[in-house]
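Remarks on the structure that follows.
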Amino acid sequence: MSQSFDIAVIGATGTVGETLVQILEERDFPIGNLHLLASSESAGSSVMFRGKNVRVREVDEFDFGKVQLVFFAAGPAVTLSFAPRATAAGCALIDLSGALPPEQAPQIVPEANAGLLASLSKPFQVSSPSASATALAVVLAPLRQCLALQRISLTASLAVSAQGRVAVSELARQTAELLNARPLEPKFFDRQMAFNLLAQVGTPDEQGHTLLEKRLVRELRQVLEQPSLKISVTCIQAPVFFGDSFSVTVQAAGAVDLAKVNAALEAAPGIELVEAGDYPTPVGDAVGQDVVYVGRVRGGIDDPAELNMWLTSDNVRKGAALNAVQVAELLIKDLL
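Using full-length UniProt numbering, the first residue of the sequence shown is number 1, and each one after it goes up by one.
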């Protein structure tokens, strides 16, 4: 592509932001000028891009009229503060925070609902879903051709990196203290995280559901274009630095044909189907990779309409940064 685009990345010093910049370089995204932006606390640092150190500047002072596309890879408050300025300047934006309503910025997973982009108008506003929703949509979308999804029940074992570098550092600190027989004082997490499982991620509402669980349900329904799909989800915090894993049960309208299911998964983009008898893990397989790994594909013990699977995916790379870049590639190819 001969045309180049001036790009801004907000949250460039975060885990997702840095990975996003890395993927833009790896995939040779046609960038003219790259503007890296962050809060005043992170401004002044540098991020490597194409062999050069690019200085990170403060987002408060940025003129969005300088760019055609901006990635929002910071928190919801940052998106809500600066997205109106970007849109007013005519920028296309891709938000990774989940702050914008789907009517304003629909959730896009290229392997599942890329066709939705054609219905949008300028200036384009698009959301990249949570890492969990992205991984699940990549796998569930191709199954729609061989079975009718009626209900999905899942347990999401989430890596601490979803909560940023401070959570990664906390898990590392706790692990070191326990291995060295030192007393443990939890700081970021409200209790011991190392060598443990926490039964919820975030604060539950009056019904016992967390914001992350409700977001996952909402995003999956939108990306799969099944607004009434019944979804039951429990998100747990696992003592893993990177890589989310999911135990998924699908209830279909009729008997599940495992041969067709495996064929659909084998042929679908963005999926690595592990051979029967084996299973993938985040550390051994998914971390650093651009696909969602699927294993333990099997029917129900006593229900022919049940399908069970095990999924694992790099939450920072595949689930967040790569999906956003893939959306951007579609935007510049057909729309910008």
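Note that beta-carbon positions come from the ideal geometry of N, C-alpha and C, so glycine has one too.
Quantities reported herein were computed from a predicted structural model and do not represent experimental measurements.
query, result
"Integer-rounded CB distance, given that Ala137 should sit under 8 Å from Val250", "Incorrect: roughly 13 Å between the Cβ atoms, too far for contact."
"Collapsed DSSP secondary structure at Leu147 in the structure displayed", "coil"
"Beta-carbon proximity of Ala162 to Asn315, cut-off 8 Å", "yes"
"Member of Ala99, Gly17, Asp28, Val16 whose CA lies at the smallest distance from the CA of Phe5", "Asp28"
"Burial state of Val166 (16 or more Cβ within 10 Å)", "exposed"
"Own chain partners of Ala112 with C-beta closer than 7 Å, once the 5 adjacent residues on each side are dropped", "Ala137, Val138, Ala141, Val223, Leu224"
"Bridge partners - Asp95, DSSP secondary structure assignment", "Phe72, Ser127"
"Three-state secondary structure (DSSP) of Leu100", "coil"
"Residue burial classification, Glu213 (beta-carbon count within 10 angstroms, cutoff 16)", "buried"
"Straight-line gap, Gly299 to Ala252 (C-alpha atoms, nearest Å)", "11 Å"
"Proximity winner among Glu18, Ala12, Ile23, relative to Ala328 (alpha-carbon distances)", "Ile23"
"Three CB pairs or more closer than 8 Å across the segment 229 to 249 and the segment 146 to 161", "yes"
"Beta carbon of Val274 nearer than 8 Å to that of Phe242", "no"
"Contained beta strand (DSSP E) runs [length at least 3] in the segment 284 to 312, N- to C-terminal order", "292 to 299"
"Backbone secondary structure at Asn180 - three-state DSSP", "coil"
"Simplified DSSP state of Lys187, which is helix, strand or coil", "coil"
"Through-space distance from Val21 to Gly32, alpha-carbon basis", "14 Å"
"Span of the alpha helix (DSSP H) around Glu206", "Per DSSP, Glu206 belongs to no alpha helix (DSSP H) and is neither H nor E."
"Cα-Cα separation, Asn180 to Leu198", "22 Å"
"C-beta atoms of Leu311 and Val292 nearer than 8 Å", "yes"
"8 Å CB neighbourhood of Gly98 in its chain, flanking five on each side removed", "Pro76, Ser127, Pro129, Ser130, Arg215, Glu219"
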